[in-house]
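Listed in order, the protein sequences are those of chains A and B. Residue 1540 in my numbering sits at position 77 of the first sequence, and the numbers go up by one each step. Residue 59 in my numbering sits at position 39 of the second sequence, and the numbers go up by one each step. Just so you know, even glycine gets a beta-carbon here, dropped at the ideal spot from N, CA and C. Note that the structure is predicted; figures quoted are calculated from it, not measured. Everything on this sheet refers to the single structure shown next.
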Amino acid sequence: MQRPVCVVGVGLSDGPVTPDLSAVMLEAQSFRRALDDAGLEKDDIDGLASAGYGGMHEVALAEYLGLTPTWLESSSVGGSSFEFHAMHAYRAIQNGDADTIAIVYGNNQLSASGRTLGTGGGGGGRGGMALPLPMSYEFPTGLTLVGAYAMAAQRHMHEYGTKPEQLASISVQMREHAARNPNAMYRDPITVDDVMSSRLVADPLHKLDCCVISDGGCCVIMTTEERARDLGHRPVFVRGAAGGTTHHSIAAMADMTRTAAAVSGPKAFAEAGITPADVDMFAMYDSFTYTVLVVLEDLGFAPKGEGGAFVTDNGGNLRLGGALPTNTDGGGLSATHPGMRGLFLLCEATRQLRGEAGASQVPGAEIAVAHGSGGWLSTQATVVLGTEGS
Amino acid sequence: MTEAIAASWSDVPKWLMPRPTKEDREYWEGAGRGELRIQHCLTCGRHQHYARMLCSHCGRQTLEWVTASGGGTVYSFTVIRQNGVPPFNERIPFVVATIDLDEDGARLIAAMPEVAPDDARIGMRVRATFRPAGDELGFVDFTAAE
């Protein structure tokens, strides 16, 4: 008998700019806030997941927090790591391997490294470090992380006639949401023209097609439905989860217009017993505008090739009030992106399903999807959350 | 395309120098000789770049090195306008492309220093050119086919 699993605690650190807090301080602050939110104490935690800092980080974090967990998880697959963690935590709690799991991530990316992520110049790749395959071939070409996404976007434009203005519209709609979030990095409204006239970083992606770099930490706590019923919040159920990878290097992405989300989405939706039309709110890893567009198609919110029309139809379908309110906190494009954003998606989806999203609340939200994309569209994972169990 | 841009690519600082391994020395030395060396699978007949123990298409360990024709087609490209790593910060803007080689199954990423940003197109026919990296090794770039 598999046990139903719920999200019972979410915590956000201070942000988006915290020069006085280190990465682990941000992790600890968000962990404490998630415990308080759940009504739990640290010794209730028997499982810990984290990623982003190389070997044994979750072990060091356990020690720092004074935890002695019997379930550990450190899948490190880029920004979507935390959707993979949530999937594995869900299975572990379902099966009785663990009862209460905390997923934790924090990074002072902005304060420590500046705005170098994505275009080099932060010292990475220079000097004596041996680059992992296949990056030893890519690095000398001058390709950047942004450039890898840009090539994929360019291919989509070529095959389907997608317009840069349609990509820009995604950024404009995220900024509208950020205006409602006092902790967002950028809150002033922008227009499609603003995006199109911001400088090109790697054609066809402009500066405002790229996510922000911020500081910040987040923690999400999951446990059994049985325990969740004894805690303070309306439980938010995990109803389905799936993930996958198609490539590491962007060169090995056989079809740059189709990601592993085309597999993970249908699988997670089937487990949850839902269709795309049932989704009330979408928390999507908006590393770049194109990431959103291609995954909207892959998950079935729009037919393949029609993502551009979907995002601009109806005055903007990603807006609050649109067909699929997306990134109601302002997303990585405007609000928070401390190196990796996957965990923040699960937090915002949970807040929506609890009805705690304030000025950004989607009225009556019952089904939310958090979808992480990591690397260079390399790793994709979909988590379906709902106010009721499956 | 200006000669100044091409000249800026001829200088290879030490942090960009290839570090050949047991597995891929043939590729880097081939490029030094002016040959694009890729692997061909005797089982499935397809090709691959970069060098591996096993064929990524069929999984067999039946690979041989062959010299590619150097011809290919641009699958996609971008114009890099921001790269903080020297000397790329002095080379911008420049074109980087994903290229399907004429040999079935092989795809690679390459710089196209001689192609002006406005001239790059998906589907354009391109051919390999070779740029020395030290005395024995080299990089494979691409340029528009004649």
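If you draw a straight line from the Cα of A:S1750 to the Cα of A:H1520, it comes to about 24 Å.
By a beta-carbon distance limit of 8 Å, B:G91 does not contact B:F150. Their separation comes to about 14 Å. The residue from A:L1528, A:A1486, A:L1524 with its alpha-carbon nearest to that of A:E1504 is A:L1528. Put simply, the region 1649–1666 of chain A does not touch the region 1776–1787 of chain A. Fewer than three CB pairs are less than 8 Å apart.
Boundaries for B:Q81: no alpha helix (DSSP H) harbours it, and the DSSP string shows neither H nor E there.
It is roughly 6 Å from the alpha-carbon of A:G1679 to the alpha-carbon of A:N1570.
In this structure A:N1780 is buried. Its beta-carbon is surrounded by 16 or more other beta-carbon atoms within 10 angstroms. Spatial neighbours of A:P1801 in its own chain (CB-CB distance under 6 Å, excluding positions within 5 residues in sequence) are listed in chain order as N1570, Q1572, S1677, D1678, G1679. In the structure shown, A:S1712 falls within a coil segment according to DSSP collapsed to helix, strand and coil. A:R1692 sits exposed, since fewer than 16 C-beta atoms from the chains shown fall within 10 Å of its C-beta. B:R80 has a beta carbon lying at 8 Å or more from every beta carbon in chain A. For A:Y1553, the enclosing alpha helix (DSSP H) starts and ends at 1544–1558.
Against A:Q1636, chain B offers no close residue; the least beta-carbon distance is about 24 Å (beta-carbon pairs closer than 7 Å).
Pairing A:V1758 with A:S1836 gives a Cβ-Cβ distance under 8 Å. Setting aside the 5 residues that flank it on each side, A:S1853 is surrounded in the same chain by R1702, A1735, G1736, each with a C-beta closer than 7 Å to its C-beta; the list follows chain order. Chain B has no Cβ within less than 8 Å of the Cβ of A:G1827. The C-beta of B:T41 has fewer than 16 other C-beta atoms within 10 Å across all chains shown, which makes the residue exposed. When beta bridges are read from the DSSP output, A:N1570 appears opposite A:G1679. DSSP places A:S1634 inside the alpha helix (DSSP H), whose first and last residues are 1627–1641. With a minimum length of 3 residues, the unbroken runs of beta strand (DSSP E) contained wholly in the region 1739–1793 of chain A fall at 1744–1747. Around the beta carbon of A:G1794, 16 or more other beta carbons sit within 10 angstroms, so the residue counts as buried.
Minimum Cα-Cα distance from A:G1581 among the listed residues A:I1564, A:T1563, A:G1605, A:P1597 corresponds to A:G1605. Closest by C-alpha distance to A:M1747, out of A:A1740, A:V1755, A:T1775, is A:V1755. Neighbourhood of B:I58 in chain A, by CB distance below 8 Å: empty, with the nearest CB roughly 12 Å away.
Counted as a single uninterrupted DSSP element, the stretch harbouring B:M144 is not any beta strand (DSSP E), since DSSP gives it neither H nor E. Under the 10 Å beta carbon count, A:V1480 is surrounded by fewer than 16 other beta carbons and is classified as exposed.
For the 8 Å CB-CB criterion, A:W1839 and A:Y1612 form a contact.
If you check the CB distance, A:S1513 and A:L1524 come in under 8 Å. Residue contact with chain B for A:R1782: absent (no Cβ-Cβ distance below 8 Å to any residue of chain B). Taking a C-beta distance under 8 Å as the contact criterion, B:V115 and B:A153 do not qualify as a contact pair. Following the DSSP letters along the chain, one finds A:G1478 in no beta strand (DSSP E), marked with neither H nor E.
Interface criterion not met: the Cβ of B:T163 is under 8 Å from no Cβ in chain A.
Within chain A, not a single residue places a beta-carbon under 7 Å from that of B:G125; the smallest gap is close to 10 Å. In the three-state DSSP reduction, B:P152 falls in the strand class (E or B). Per DSSP, A:A1820 lies in no alpha helix (DSSP H) segment and is marked neither H nor E. Distances from the alpha-carbon of A:G1849 to those of A:A1822, A:L1816, A:Q1824 put A:L1816 closest.
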